[in-house]
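Take a look at the structure below.
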Amino acid sequence: MRLSRYFLPILRDTPKDAEIVSHRLMLRAGMIRQESAGIYAWLPLGYRVLNKVCRIIREEQNRAGAIEMLMPTIQSADLWRESGRYDDYGKEMLRIQDRHEREMLYGPTNEEMITEIFRAYVKSYKNLPLNLYHLQWKFRDEVRPRFGVYRSREFLMKDAYSFDVDAAGAKHSYNKMFVAYLRTFARMGLKAIPMVADTGPIGGNLSHEFIILASTGESEVFCHKDYLDFSVPSEQVNFDDGSELEALVGKWTSLYAATSEKHDAAAFGAIPGDKRMSARGIEVGHIFYFGTKYSEAMKANVQTPDGQTAPVHMGSYGIGPTRLVAAIIEASHDDSGIVWPEAIAPFKVGILNLKQGDGTTDAACEKLYQELSARGVEVLYDDTDDRAGAKFATADLIGLPYQILVGPKGLAEGKVELKQRAGGAREMITPEDAVKRLAA
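In the numbering used here, the protein residues as written are 1 to 440.
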């Protein structure tokens with residue numbers, strides 16, 4: 001993509017109402033624009049990142065055996081009355097009426113709807129286990145939306161829902177998502193620690209929040225320091241092997257880790273002093289097992305192997321991709337701007353033409369752009385008439401993993417400068433070597 005033809009509305013000044021780093025940088029880098037309180041448009045650069053995040057989420061959900069679908073954003077109030085949550089949910093639920101005065105709502109979550117879909121089609125244990133997921137926009141009317149997309153009213157959510165004939169099967173489904181979440185966040189360059197968490201309005205008695213540590217986290221968390229050195233399960237993990245998954249989850253829950261709501265000061269105090277860690281944390285995922293809470297209320301029953309009928313056991317598993325983009329920036333930035341992990345960067349490399357209009361530099365940049373693009377490398381070519389200093393600032397702000405700086409002085413020696421955004425390492429290499437390096 002040529003920057004001269006791209007829509008990238010960079011802000012040079014820091015917005016006054018942006019309180020945390022991710023909000024400031026997302027606005028300045030032209031990733032988002034606020035349209036009303038807690039509601040944002042995702043501009044092209046931000047949308048590319050969001051799609052990268054969603055792609056990784058999909059790949060790991062599919063790997064774990066979940067099946068993608070799509071449910072509506074607008075739900076009938078009658079479904080929520082069946083479960084008993086319509087009057088209990090609170091003012092965060094946006095309640096509306098259609099032209100026929102039917103009571104509807106803008107879905108804040110989908111436990112009721114997925115249970116209704118399940119009970120319409122699945123009647124036997126022979127069709128289980130089943131895990132259905134979707135990525136869909138949701139709305140929760142937060143009393144105080146703040147911090148940009150970190151705590152917004154409208155947000156994108158990946159929510160998955162598992163169905164099993166009994167508690168043992170449901171625990172296996174829970175373990176699948178537990179391991180899938182570890183892999184998902186690791187692929188985005190994050191160290192996510194699963195912590196015992198409160199179930200809140202979702203319900204149930206088993207829940208973990210996946211927390212990344214960041215100074216701007218919204219709450220204090222407590223854990224054993226050794227979690228930082230745990231290795232993430234490989235892509236070879238067998239999600240059908242219950243004992244393998246149980247061992248993995250057992251390792252990742254063997255040490256103390258809890259959110260502030262579940263914190264046990266005595267248990268934390270028993271950890272050796274050099275291994276105790278308390279820090280601010282950002283929730284990037286939340287998983288629940290809630291048994292038959294919804295299936296009993298909504299009569300989602302299946303025939304069991306012994307010929308009886310029983311309510312299905314369920315769990316739900318959420319990741320907020322829009323929130324996750326902000327969390328990644330909170331964990332990966334410097335004074336100059338964003339530092340994207342390569343897997344979710346909007347482009348892998350930026351080409352900076354340091355003397356636009358000069359025949360030699362124009363030709364060298366054009367050749368690099370064409371060769372990298374032909375090899376499948378995502379490139380943003382800054383072919384604008386901006387001064388070199390402004391191009392440097394823009395490239396650092398938007399955080400692409402690599403920059404190729406092309407100027408007359410280097411070309412006179414047959415070289416370009418290759419810069420890594422993370423750490424700032426630089427080297428002079430030939431354009432041919434730059435292509436080979438970045439296309440590898």
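C-beta atoms are modelled at their ideal positions from N, C-alpha and C, and glycine is treated no differently.
- Unbroken alpha helix (DSSP H) runs of no fewer than 4 residues, entirely contained in the region 260-311, are found at 265-269 and 293-297, following chain order.
- The region 405-424 and the region 318-327 do not touch, with fewer than three beta-carbon pairs separated by less than 8 Å.
- If you check the CB distance, Arg-183 and Val-149 do not come in under 8 Å.
- For His-23, there is no enclosing beta strand (DSSP E); the residue is part of the alpha helix (DSSP H) that begins and ends at 21-28.
- Counting C-beta pairs closer than 8 Å gives fewer than three between the region 332-348 and the region 356-366, which falls short of the contact rule.
- Apart from sequence neighbours up to five positions away, the residues of its chain that approach Trp-80 with a beta-carbon distance below 6 Å are Tyr-86 and Glu-112, ordered along the chain.
- Shown here, Tyr-256 sits in coil according to DSSP, grouped into three states, outside any helix or strand.
- Between Leu-372 and Leu-400, the CB-CB gap reaches or exceeds 8 Å.
- Every unbroken stretch of the beta strand (DSSP E) spanning 3 or more residues and falling wholly within the region 307-380 is given here in chain order: 309-311, 313-319 and 349-353.
- Here Arg-48 is not near Pro-341, since their CB atoms are 8 Å or more apart.
- Around the C-beta of Glu-68, fewer than 16 other C-beta atoms lie within 10 Å, and the residue is accordingly described as exposed.
- In this structure, the beta-carbon distance from Val-249 to Phe-178 falls below 8 Å.
- Inclusion of Gly-315 and Asp-396 in the CB contact set at 8 Å is not warranted, their separation being larger than that value.
- Put simply, of Leu-25, Asp-159, Ala-374 and Tyr-6 the residue whose alpha carbon is nearest the alpha carbon of Pro-15 is Leu-25.
- Taking the CA atoms as reference points, Asp-240 sits about 21 Å from Gly-291.
- Looking at the DSSP output, Ile-114 bridges to nothing.
- By the beta-carbon neighbour count (other beta carbons within 10 angstroms, threshold 16), Ala-192 is buried.
- Only residues of its own chain outside the window of five on either side were considered, and among them Ile-193 have a CB closer than 6 Å to the CB of Tyr-227, listed in chain order.
- Shown here for Lys-355: same chain residues with a beta carbon closer than 7 Å to its own, the five before and five after excluded, namely Thr-361, Gly-407 and Pro-408 in chain order.
- Apart from sequence neighbours up to five positions away, the residues of its chain that approach Ala-267 with a beta-carbon distance below 7 Å are Tyr-256, ordered along the chain.
- The closest CA to that of Arg-119, considering only Glu-432, Val-435, Ala-310 and Ala-434, is found on Ala-310.
- Of the other Cβ atoms in all chains shown, 16 or more fall within 10 Å of the Cβ of Asn-175; this residue is therefore buried.
- A residue is called buried when at least 16 other Cβ atoms come within 10 angstroms of its Cβ; Arg-28 meets this threshold and is buried.
- In its chain, beyond the 5 residues on either side, Met-428, Ile-429 and Thr-430 have a beta carbon closer than 7 Å to the beta carbon of Lys-415.
- Take Gly-30, set aside five residues on each side of it, and the residues of its chain with a beta-carbon closer than 6 Å to its own are Leu-8, Pro-9, Ile-10, Leu-43 and Leu-45, in chain order.
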